[in-house]
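Using full-length UniProt numbering, the first residue of the sequence shown is number 1, and each one after it goes up by one.
Yeah, the Cβ is synthetic: ideal placement off N, Cα and C, and Gly gets one too.
The structure under discussion appears below in the form of C-alpha cells.
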Amino acid sequence: MAESERGILYLVATPIGNLADFGFRAVEILKKADAIACEDTRHSRPLLDRYGIDRPLLALHEHNESTQAPQLIERLVRGDTLALISDAGTPLINDPGFPLVRLAREAGLRVVPIPGPCALIAALSASGLPADRFAFEGFPPRKGPARLAWFGSLRDDPRTLIFYEASHRVEATLRDLARTFPPGRRLVIARELTKLYETLALTTVDSAPALLEQDPDMRKGEFVLVLEGAPPAPPDSDELDPEQTRILKLLLTECSVKTAVGLAVKITGARRDKLYRAALQWSGGQAGGKGADSEG
Numbered sequence: 001m002a003e004s005e006r007g008i009l010y011l012v013a014t015p016i017g018n019l020a021d022f023g024f025r026a027v028e029i030l031k032k033a034d035a036i037a038c039e040d041t042r043h044s045r046p047l048l049d050r051y052g053i054d055r056p057l058l059a060l061h062e063h064n065e066s067t068q069a070p071q072l073i074e075r076l077v078r079g080d081t082l083a084l085i086s087d088a089g090t091p092l093i094n095d096p097g098f099p100l101v102r103l104a105r106e107a108g109l110r111v112v113p114i115p116g117p118c119a120l121i122a123a124l125s126a127s128g129l130p131a132d133r134f135a136f137e138g139f140p141p142r143k144g145p146a147r148l149a150w151f152g153s154l155r156d157d158p159r160t161l162i163f164y165e166a167s168h169r170v171e172a173t174l175r176d177l178a179r180t181f182p183p184g185r186r187l188v189i190a191r192e193l194t195k196l197y198e199t200l201a202l203t204t205v206d207s208a209p210a211l212l213e214q215d216p217d218m219r220k221g222e223f224v225l226v227l228e229g230a231p232p233a234p235p236d237s238d239e240l241d242p243e244q245t246r247i248l249k250l251l252l253t254e255c256s257v258k259t260a261v262g263l264a265v266k267i268t269g270a271r272r273d274k275l276y277r278a279a280l281q282w283s284g285g286q287a288g289g290k291g292a293d294s295e296g
C-alpha cells in the first residue's frame, strides 16, 4: 500500500448472509491491510478464505475492545493500515468498534468507511413503510416488563421504527408489540435476509403473533422488525379545552386580559394566541378588560 495510504482505519461492511454480496473494493482493501480486526476470527475466516484474503486476524469484541482499541491506535500511529469487520453487515451497527473509531478520530487518524450490506437498511428498503424518517432501536430489552415499558415509550413516535431480535425471543417480542401498539399498526417481519429462506412478511402488530404460531419456520433465523410510526397528531384546535376555559375565565374576573392570558399560558401550557382570542371575545373585545388591575 502506498505511503500516503498508511495509518488508515478502514471500516469494511461484510455480507449479512449471501457471500456473493461482498464488494470489490472491500475485498481489495482487506487484501492490502496489515491486519484485520474482527468480532470472531472463526466466523470471519470462511468468508476471507473464499475471497483469497490471507491477512493476520485480531479479535475485537465487546469483552476486549476497551483494552484492545488503544493497542490498535498505537499501530495506526506507527503507520499500519488496519481494517475492521464485524460478523456480518456494517461495523458498529449494533456491533463492536465504537471505542476504536472514537479513539482514532480523537487522534486525528483517517477513518474510511467501505460501505456495503446492512440488515436494517435492507429490511427498511423492501418493507414498503416510510423510509424518509426512521429510527434504529437495536435489540429490545430481554425481560418482559422492561420490554413493555420500552415499547410504551416509543408508542407515539412518528418515525418508522426498526428493531433487531433473536429467534428465541421473537415470539415474546411480537406479543409485547401487540400489547403496546394500536391494532392495525403495520409491521414487517424480515428474517434470513439475503439467505435461501429470506422472508419479508407484511402484517399488523395484532396479527403478527399468529404468523409464528401457524408457521414454525417463521420462528427461525435472524430477525429485523420494521414498525410503522404513529400517525401525525391532529392540528391544534383553536378551541380551548374545559380546564383551559375555566382557568382563563377565572383569571379574567381578577386581572386584565393581558395579565390573565400571561398567567393562563404558564398554568395550562396553551398557546398564547389561542388564549388571547378567547379572552378578547369574552371581554367584549377590550384588551384592558374590567379586572382588578385595570383602570376606571
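Item                                                                                                                                          : Value
Between L187 and E228, is the Cβ-Cβ spacing less than 9 Å?                                                                                    : yes
Taking the alpha carbon of T160 as the point to measure from, which residue in A135, L177 and G152 has its own alpha carbon closest?          : A135
Going straight from the alpha carbon of R169 to that of Q214, what length do you get?                                                         : 17 Å
When DSSP labels each residue in this structure, what does G7 get in the three-state scheme?                                                  : coil
I'd like to know whether the C-beta atoms of P158 and P209 end up nearer to each other than 9 Å.                                              : no
Looking at C-alpha atoms only, which residue of Y197, L9, Y276 and P70 is the closest neighbour of G221?                                      : Y197
May I ask which residues mark the beginning and end of the alpha helix (DSSP H) holding V205?                                                 : Note, V205: premise wrong, no alpha helix (DSSP H); not H, not E.
Under the rule that 16 or more other beta-carbon atoms within 10 Å means buried, what is F24, buried or exposed?                              : exposed
When you compare the CB positions of Y10 and T81, do they come within less than 9 Å of one another, or not?                                   : yes
Please classify T81: does DSSP put it in a helix, a strand, or coil?                                                                          : coil
Thinking C-alpha only, which one of A149, F98 and T204 is nearest L174?                                                                       : T204
State the Cα-Cα distance for the pair G291 and D156, rounded to the nearest angstrom.                                                         : Because the pLDDT of G291 is 45, which lies under 50, any placement of that residue in the model is unreliable, and the number read from its coordinates should be weighed accordingly. Their Cα atoms are separated by approximately 41 Å.
For the alpha helix (DSSP H) that contains F24, what are its first and last residues?                                                         : F24 to K32
Just list the residues that DSSP pairs A178 with in beta bridges.                                                                             : Answer is none; A178 lacks a bridge partner.
Could you say which of R78, G79, A166 and L58 lies nearest to L225 if we only look at CA atoms?                                               : A166
Count the CB pairs spanning the stretch 242-259 and the stretch 140-147 that are closer than 8 Å, and state whether there are at least three. : no
Where G284 and K266 are concerned, what is the direct C-alpha to C-alpha distance, given to the nearest angstrom?                             : 24 Å
Can you name the start and end residues of the beta strand (DSSP E) that I16 belongs to?                                                      : Taken as a continuous stretch (DSSP letters only), I16 belongs to no beta strand (DSSP E), as it is neither H nor E.
Taking the alpha carbon of G116 as the reference point, which residue from E239, C255, R271 and D21 has its own alpha carbon closest?         : D21
Hey, A279 and A270 are a contact pair by Cβ (cut 8 Å); roughly how many whole angstroms apart?                                                : 11 Å between Cβ atoms; not a contact.
Since S66 and P96 are thought to touch, with beta carbons under 8 Å apart, how far apart are those beta carbons, to the nearest angstrom?     : Wrong, their Cβ atoms sit about 10 Å apart, outside the cutoff.
Out of H61, P15 and R45, state which residue places its alpha-carbon closest to the alpha-carbon of R55.                                      : R45
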